[in-house]
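With the numbering used here applied, the sequence shown covers 19 to 408. Reading through the structure tokens given below for one structure.
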Amino acid sequence: MNERLVFDSDSKLDELIAFRHELHRLPETGFDVSTTASRLGDRLAAAGLTVTTNVGGTGLVATLKRGHSSRTIGLRADMDALPITEKNAFKHRSTVDSKFHGCGHDGHSTMLLGAALCLAARGGFDGQIQFVFQPDEENGRGAQAMIDDGLFERFPMDAIFGLHNLPGMPVGRFATQVGPFTAFEERFEIEIQGKGGHSSTPEKTIDPMIAGAEIVLALQNIVARSVSPRVHGVVSVTEFIADGARNIIPSSVVIRGDARGYIDEVSAIIKRRMHEIVTGIAAAYGAHSTLRYVREFESVVNTKVGVDAVANAVNQVDGANINIDYGRVGFSEDFAQFLRHRPGCFVLMGNGVDGAYSTPLHNPHYDFNDAALSYGVEFWCQLVLQRLSK
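Structure follows, in structure tokens:
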């Protein structure tokens, strides 16, 4: 598909770029995305779509129907930013302290908006599209909130699709795979209760620091010695907090981190072995232990039909190509919640290989690449035209 077939003129693409920059300058986080949703909703309503606000809190769904077919498709973009201070110096940098679109959700929302505007203007399909704009992806709560608010009952969808930009991948390149694609994430918190005291008399204490340090090291053996090399898993300790001081042995320590993998078998092994390690080591030192272990993100699991649909759509976009055997990625995405209720596919698209466009996600120097906007819009349009062909 040539860019001219999507945009009537360069000015239409320029309008999308300007809108993306507007979102970037005024980022909102978590569920506090009402202004972002309002900006999107106003433009969607002006184009003739039926807009429903406050779905799952501050989520938005815009519905577009043409013809008489009962076929439906859901397309999703996330709206929320990160609680990070941006370090870029360009004109559209964030104007809000400690808030920044460092994951490209401003670009995701803009591409889905652009597709909605193009499809509303041009038609060419027979069925109904649900454009889903989701809050709070970063904390993993937004998708489930929309589902709990009756998303699929109120807005019928035969399948649902989502995408995310990927720095370091060339613009115009897409990537996905059948089956597990992103990792689940499970958060853990370990508390070791000992007996504090003066550092000069350690024999009168039960030192939780020693027990905690041994636990941290032992946790790294879970994947190395309990998980088969045929599957993947990782355990990362990211916080070690104590209430001691220079000459005070603390009475307790807290250890936090996360575990990731792709299948429930790995999750069960990690959780079981972590419990055994924590309770065993704490008991050996005469300390008490508590383990809290919570699933935060599910693994995205793509269907073959969904991957095939995405591949067919990408192959109709001029200058684009796709790898449908990309392999699994280690980050997590709460789009997985949607795929637990409807079939579909989650796909990555290139953000570029130079400068801020190749800077990792969540880095204060990252920026979404405006050159990728037209590819995303064209991809969404082609996906709809194929799934809801006349």
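Where is the CB? At the ideal position from N, CA and C, for every residue including glycine.
So, under 8 Å CB-CB, Val143 and Leu406 are touching, yes? Tell me the CB distance rounded to an integer number of Å. Val is not the amino acid found at residue 143; the sequence shown has Phe there. Phe143 to Leu406, Cβ: 4 Å. Contact.
Might you give, ordered along the chain, the residues of its own chain that have their beta carbon closer than 6 Å to the beta carbon of Asp154, omitting 5 neighbours on each side? Gly48, Phe49, Asp98 and Gly160
Find out if the Cβ-Cβ distance for the pair His359, Ile165 is shorter than 8 Å. yes
Helix, strand or coil: which one does DSSP assign to Cys490? With the chain covering 19 to 408 only, the question about residue 490 has no answer from this structure.
Strand pairing of Tyr311, partner residues [DSSP]: Phe206
Please check the pair Gly66 and Met187, which I expect to be a contact at CB under 8 Å, by giving their CB distance rounded to whole angstroms. The Cβ separation is near 35 Å, so there is no contact.
Exposure of Glu294, with buried meaning 16 or more beta-carbon neighbours within 10 Å: exposed
Classify Gln238: buried if its beta carbon has 16 or more other beta carbons within 10 angstroms, exposed otherwise. exposed
Pull up the distance between the alpha-carbon of Lys105 and that of Thr377, whole angstroms please. 12 Å
Opposite Leu78 in the DSSP bridges: which residues? Phe151
Exposed unless 16 or more other CB atoms sit within 10 angstroms - verdict on Gly158: buried
Can you tell which of Phe170, Lys289 and Ser254 has its C-alpha closest to the C-alpha of Arg94? Phe170
Per-residue DSSP class, three states only, for Arg159: coil
Express the C-alpha separation of Cys363 and Thr200 in angstroms, rounding to a whole number. 11 Å
What separation, rounded to the nearest whole angstrom, lies between the Cα atoms of Val318 and Arg191? 20 Å
If we count the other Cβ atoms within 10 Å of its Cβ and call it buried at 16 or more, is Phe37 buried or exposed? buried
Val271 lies in the beta strand (DSSP E); which residues open and close that run? Ser270 to Gly279
With distances taken between CB atoms, is the gap from Thr194 to Val323 smaller than 8 Å? no
Per the contact definition of three or more C-beta pairs closer than 8 Å, is the region 123–142 in contact with the region 384–403? yes
Assign Pro409 to buried or exposed, taking buried as 16 or more other Cβ atoms, counted over all protein chains shown, within 10 Å of its Cβ. The question about residue 409 has no answer here: the residues shown for the chain are numbered 19 through 408.
Once DSSP output is grouped into helix, strand and coil, what is the label at Ala95? strand
Distance, Cα to Cα, Val79 vs Glu314? 24 Å
Should Ile208 be listed as close to the ligand NAD, given that the test is whether its C-beta is under 7 Å from any heavy atom? The model on display carries no ligand, and the ligand NAD is accordingly not part of it.
Return the chain-ordered ranges of every alpha helix (DSSP H) run that is complete within the region 317–346 and spans a minimum of 4 residues. 322–332
Verify whether the separation of the beta carbon atoms of Pro268 and Gly275 is less than 8 Å. no
Could you please give the first and the last residue of the uninterrupted alpha helix (DSSP H) stretch that includes Thr54? Ser52 to Ala64
Tell me where the alpha helix (DSSP H) around His126 begins and ends. His123 to Arg140
Could you check the C-alpha separation between Leu41 and Leu62 for me, to the nearest Å? 15 Å
Would you mind reading off the limits of the alpha helix (DSSP H) that contains His293? Asp282 to Ala302
Whole-Å CB distance - His110 paired with Arg57, under 8 Å assumed: The Cβ separation is near 15 Å, so there is no contact.
Considering only DSSP beta bridges, list what Leu183 is partnered with. In the sequence on display, residue 183 carries Asn and not Leu. Paired residue(s): Met367.
Spell out a yes or no on whether the region 290–310 and the region 207–220 are touching, meaning 3 or more CB-CB pairs, one atom from each, closer than 8 Å. yes
With a threshold of 8 Å, are at least 3 pairs of Cβ atoms found where one atom belongs to the region 239–255 and the other to the region 276–286? yes
Tell me which residue opens and which closes the beta strand (DSSP E) that Ser254 is part of. Gly251 to Ala260
Taking 8 Å as the cut-off, decide whether the C-beta atoms of Phe149 and Glu316 are in contact. no
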